[in-house]
Each structure stands twice: as C-alpha cells, then as structure tokens.
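Participant: In full-length UniProt numbering, the protein residues as written are 1 to 245.
Think of the CB as a built atom: it goes at the ideal place given N, C-alpha and C, for glycine as much as any other residue.
My questions all concern the structure below.
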Amino acid sequence: MTLFGATSGATLNLSYERDRARDRAVNYTNSEVHADRLTIDSVGDTNLIGGTVRAEQDLQARIGGDLVIASRQNRSSGGSAGYGVSAGISLGQSEGGEADALSDPNGNSSSARHDPGDLDTVTGVSGGASQHRGSYVNSDTVVSSLTSGGTADIDVEGNTHLSGSTLATVDEQGNDLGQLNLTTGSLSYDHLTIRTTAGRAAQAYPPTWGLVPRPRSPACRRGPTARASIPAGSPPPTAAATSEA
C-alpha cells in the first residue's frame, strides 16, 4: 500500500452585527358635526381645532370674539443606526512527500511510511467593518373645516384665522358653490407644510490580506527509496575497470 500527501485546508469566518431603531408617531382624527341646518351662536372666542362642521343646506354663525379654524398634522419620525465587523482566517497544508515502501522479513510489502509534509499554515486573513445611519420625517394634514352644502352666513366681531383649514360653501365633490357671506373684523391665515424627508449614510471598510506559506527546503524532503533484489546463488557483483590507451 502506497500513500501520497494531499492538499487540505479549512476556513473560519466570524461576524457580528448590531442594529437599533427608534420611531415616533402622532396621529389625529377629526371630531365631526353634521346637520341639515346648523346655527352657531357664541358670545366669546370660538376655536374649531381638529374638527369638521358641516350644514347640508344652511349655516348661520354669530361669533362675539375671534373665530379660529385650525387643522392638525399627523407626524412620524424615526432613525436607525448599526454597525458590523467580520474576520476570517484560512488554513492550508502543502503536499506531503512520497511514501517509503517497507518489506517484512519474507520480502512482502506490508506497510508504508508517509511523510506528511508541512504542518498547517495560515494562508489568508481577512477582515472588515461597516456602519450605517438613517432617519426620516413625514407629516400630512388632517383638514379642519366649517362648510355648508347650501348657503352660509357668518358674522365674526373679532378676527377670523384659518390655519390650513377650509371655510366655504362646497358640494360633496368639494366644488365651491359661491354662497358664503362672511363678515369679520379682520382675516388672517397660515399654511401647513406636508413634509417627507429621508436620509441614509453607510460606510464599509473591507480590507483583505493574503499570506503565502514558506516552502520547505528541498533538503528536508525525503525522496523515494530504491532497492535491488539479487537472486540466491548468483555470484557477487564485480566492478568493471576501464583504462585509456
């Protein structure tokens, strides 16, 4: 039986990751008042914030102070961050030497001795790291309104302020009917902005190193062994001499 060296190896990889995220959200739902005919009579300030008031046919309102109609905004925001690291190592083994054939006392080949070659060596090392960070902000408006599907007569002694809201006569499809009669000491308004923003940043550091194993010195390798067999009863071999004239 004859054995020969073989190339073998192994690879070990390790990695670790960690992520974290945080989210926040605030949502609103309007209160609603619906009627065919609606009358509002207030001696002081009247605030309609986060509400929907609608008269299907006729709206009458007498406000002794200021009238404020303001919408609310749903808001959501959040962020995430994380990092990761990884490392790896490769082990290899160079080819072994050839086996020496052994014979038992009867001349039969019964075993072999194997030169395993170099021990396992590091043939490669790798490593890497990464990190990421992201965030987002979203908002949308839940509109407050004071409307009529027919006529509307509104008298405000103070200031009428609209904040992203609606004060009008409109049909079911939202078309203006042009039937609003508004009397007010002053009028002011402001806009609400719908926002959608998102951002993400990531970095990676993937260095890799390779190592070449040092070869063994040829003097350390064992070569094959040759043996000659001489039949029994043969005369001993003689050396031949040569000369030049």
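#1: When you compare each of Val137, Ala55, Gly84 and Gly164 to serine 77 by their alpha carbons, which one comes out closest?
#2: In or out: threonine 147 buried (at least 16 other Cβ within 10 Å) or exposed?
#3: Classify glutamine 60 as helix, strand or coil using the three-state DSSP reduction.
#4: Taking 8 Å as the cut-off, decide whether the C-beta atoms of alanine 129 and valine 68 are in contact.
#5: I need the straight-line Cα distance from serine 165 to glutamine 203, nearest angstrom please.
#6: For isoleucine 44, count neighbouring C-beta atoms within 10 Å of its own C-beta (all shown protein chains included) and say buried if the count is 16 or more, exposed if not.
#7: Taking all protein chains shown into account, do 16 or more other C-beta atoms lie within 10 angstroms of the C-beta of arginine 72, making it buried, or fewer, making it exposed?
#8: Quick one: residues in its chain with C-beta nearer than 8 Å to the C-beta of tyrosine 189, no 5 flanking neighbours on either side, listed in chain order?
#9: Going by the DSSP bridge assignment, what does glutamate 32 pair with across the sheet?
#10: What do you reckon, are the CB atoms on glycine 134 and glycine 158 nearer than 8 Å?
#11: If I follow the unbroken beta strand (DSSP E) through glutamate 172, where does it start and stop?
#12: For glutamine 203, does the three-state DSSP call read helix, strand or coil?
#13: Look at tyrosine 16 and asparagine 74 and say whether their C-beta atoms are less than 8 Å apart.
#14: Buried or exposed, going by whether 16 or more other CB atoms sit within 10 Å of the CB of valine 170?
Facilitator: So, from the data block:
#1: Val137
#2: buried
#3: strand
#4: no
#5: 44 Å
#6: The residue asked about is misnamed: residue 44 is glycine in this sequence, not isoleucine. Exposed, since its Cβ has fewer than 16 Cβ neighbours within 10 Å.
#7: buried
#8: His161, Leu162 and Ser163
#9: Thr52
#10: no
#11: Segment: none, glutamate 172 is in no beta strand (DSSP E) and carries neither H nor E.
#12: strand
#13: no
#14: buried
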